[in-house]
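Using the numbering used here, the first residue of the sequence shown is number 796, and each one after it goes up by one. Written out below as structure tokens is the structure these notes cover.
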Amino acid sequence: MRSLGNGVRTLFDREMGVSHHLAARWLFLRALGAIYLSAFLALLFQIRGMVGSDGILPADQYLQKVRSLGALGFWYAPTMLWLDSSNHALMALVWVGLPASLLVIANVAPRISLALCFVCFLSFIAVSQDFGQYQSDGMLLEAGFLSLFVAPAGWWPGWGRRSLPIRAAWWLLIWEWFRIYFESGAVKLLSGDPTWRNLTAMYEYYQNGPLPTWIGWYLQHLPHWFQRVTAGATLGMELVLVWMAFLPRRWKIVCFCMVTAWQAVVIATANYAFLNYLVLVLAFLLLDDKALERFVPRRRRAGLVTEPVGEQRLHTSGIQSVFANPLEETSDHAEETESVRSVRALNRVSSIGVAVTAILLTWVAYDTAAEMVLMFWQGAPVWTAPIQALEPLRIANQYGLFAVMTPHRYEIEFQGSDDGMTWKPYIFRFKPQDVQERPGIYAPYQPRFDWNLWFASLTSWQNAPIVPLTEERLLVGDKDVLSLFRGNPFPELPPRQVRAVLWQYWFSTPQEKRSQGIWWTRRLLGTYAPTLELLPDGRFREVQAPELEGPPSS
């Protein structure tokens, strides 16, 4: 039992925590704060249009439906918005999250600040509906939750030498990093997509992602042999290279250098919001203080540990020295001293804290391991109840990026008309639309509305309710939804009719770009969703059914 207790302490007690990765922890937490900042900054300009009271998918209406589940609804939708789901409450989440993110970056009360970031972001995701179903959201929530067990205590902790990262949480963060890569590589083969098996997956990759960049335009036109090499390298990195994370430190450093360079290229060639930034900064955890010490100014190196201390504690406080064997020191006394009773009380509190930490982190470890097993063996006899119970919190996830490559690029465009004949487009802030406009680089900023329309374009409008709902909000001239667009083509009065049309887009050829100055070519496929108009009684009427020449129809 004593050896079991020592093992539990080693894994889940901060006093036995990771001692020689303090610089890596410092870098990771500062970068995590910056990622939280980008997420809340994006919500600042979008949250009311997406889930506000008059938004596309109002949070208050969603919570009313969830309330029908009774007490279970509070777990199914873990959000502070149960107290108040008004627009003011939504903005309060953002205005608390923004300064909390800045405090994390500044290393001020990092554990409290990270807790505020996590609660505020989870509160949004819990009511975001279609706007929060991205794998990147789960990645951030999982990393954010585990960081609470890694971050140091105190208001100005510096390197946090007296508050070490809990070993289990540290390894679970590395485990998350590994799973993002390995599970993404696995699903590429398990999906049966022939483009990954014949290494043609990258042929159309750069133009068919959610928000391509201008750098991606140039890579798209490189020879097919280059695209095949990058497809093979992607599989090699995700399925083989990442195992170096479990090898000795020199291999870890090599692995870090290779994956970091790879992620930098991905960030430059595609706008995947904060996803690649998060994967990149998780790799910091592969480095130790000895590797990073050379980059730290000499005056700041005090407190770093360049050699692992193992299970030995880095410091021994007065209370700990008393606690080492309190009964010996009081054996000559007839009664326990007040100091011994205090130490025993502290010991009980510490033991409870370690036990709670052990339960939570073991739960996350089990869920993530079980989900990986189920990925390869769907009928595996694993206990799924813990997985389902933890699912609403999004802190134990299964990942799998680009399992099936998108073969074509479609774009939905909203148009309004006063006479049903002349149509004016609503201009998007980020999505490809004007063929002469150069694709930008926006990440880590995430335009969730634009992203969701890309996903909607790959399926039918019946499976994408945000499209007809957006039409309805445009017909009433809702200012919060209009703010999701770059401008309003009907500044005086809303249009009589609104429709959504579907275009197919391609990157222009180098010759077309030189002669016409265009980055894209496109072809109109027809109307994607029903054309709507607003009746005098406030109801919406379908004017015309959608008419498409081709996909999407799924």
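Here a beta-carbon is modelled for each residue, glycine too, at the ideal position from N, C-alpha and C.
Restricted to the segment 978 to 1039, the alpha helix (DSSP H) segments that are unbroken, complete and at least 4 residues in length are 989 to 992, 1000 to 1003, 1009 to 1015 and 1019 to 1034, listed in chain order. For secondary structure counted as the alpha helix (DSSP H) over 4 or more consecutive residues, the segment 1301 to 1349 holds these complete runs in sequence order: 1305 to 1311. If you draw a 10 Å sphere on the C-beta of Ala1026, you find 16 or more other C-beta atoms in it, and that means buried.
With respect to the 7 Å criterion, Ala1259 and Ala1251 are classified as neighbours on the basis of their beta carbons. Taking 7 Å as the cut-off, the Cβ atoms of Ile961 and Phe944 count as close. Using a C-beta cut-off of 8 Å, the segment 1055 to 1067 makes contact with the segment 1002 to 1020, since at least three inter-stretch Cβ pairs fall below that distance. In chain order, Tyr871 place their CB closer than 7 Å to the CB of Leu864, counting only its own chain and leaving out the 5 sequence neighbours on each side. Short of 7 Å from the beta carbon of Arg1044, and not among the five residues preceding or following it, lie these beta carbons of its own chain, in chain order: Asp1083. Going by C-alpha positions, Tyr976 is about 24 Å away from His1019.
Distances from the alpha-carbon of Met1216 to those of Pro873, Leu1014, Val1293 and Trp954 put Val1293 closest. For Gly980 against Leu1030, the beta-carbon gap comes to about 6 Å, under 8 Å, which counts as contact. The Cβ neighbour count for Cys1052, taken over all protein chains shown within 10 Å, is under 16; the residue is labelled exposed. Closest in alpha carbon position to Asp1245, among Tyr1161, Gln841 and Leu799, is Gln841. Taking C-alpha positions only, Glu1232 is separated from Trp1314 by approximately 7 Å.
The three-state reading of DSSP puts Tyr1237 in coil, since its state is none of H, G, I, E or B. In this structure, the CA atom of Ser1303 is about 18 Å from the CA atom of Gln1022.
Looking at the DSSP output, Val1296 shares a beta bridge with Glu1208 and Thr1322. For Ala1191, the secondary structure class from DSSP, reduced to helix, strand or coil, is coil. Within 10 angstroms of the beta-carbon of Glu937 lie 16 or more other beta-carbons, which makes it buried.
With fewer than 16 other beta carbons inside 10 angstroms of its own, Lys1274 counts as exposed. The DSSP-derived three-state label of Phe1285 is coil.
In the assembly as shown, Glu1342 is an exposed residue. Its beta-carbon has fewer than 16 other beta-carbons within 10 Å. When Val1151, Ala996, Pro905 and Phe1079 are compared, the shortest CA-CA separation from Thr1201 is found for Ala996. If the five residues before and after Leu1329 are omitted, its C-beta is found closer than 7 Å to the C-beta atoms of Leu1270, Val1271 and Phe1335, all from its own chain and listed in chain order.
Here Leu1188 has Pro873, Leu917, Leu936 and Phe940 as same chain residues with Cβ atoms under 8 Å from its own Cβ, once five neighbours each way along the sequence are excluded. Beyond the five residues adjoining it in sequence on each side, Asn1247 comes within less than 7 Å, by CB distance, of Asp925, Phe926 and Ile1261 in the same chain, given in chain order. Gln1257 and Leu984 have their alpha carbons spaced roughly 30 Å apart. Beta-bridge analysis with DSSP links Pro1220 to Gln1210.
Proximity of the segment 847 to 861 to the segment 877 to 893 meets the contact definition, three or more beta-carbon pairs being nearer than 8 Å. When Cβ pairs closer than 8 Å are counted between the two stretches, the segment 1180 to 1200 is seen not to touch the segment 1221 to 1229, the count staying below three. Between the segment 892 to 908 and the segment 815 to 832 there are three or more C-beta pairs closer than 8 Å, enough to call the two in contact. Ala964 and Thr1322 have their C-alpha atoms spaced approximately 50 Å apart.
Apart from the 5 residues on each side of it in sequence, Val1199 sits with its Cβ closer than 7 Å to the Cβ of Ser986 and Asp988 in its chain, given in chain order. The C-alpha of Ala1153 is placed about 45 Å away from the C-alpha of Lys1226.
In this structure Lys860 is exposed. Its beta-carbon is surrounded by fewer than 16 other beta-carbon atoms within 10 angstroms.
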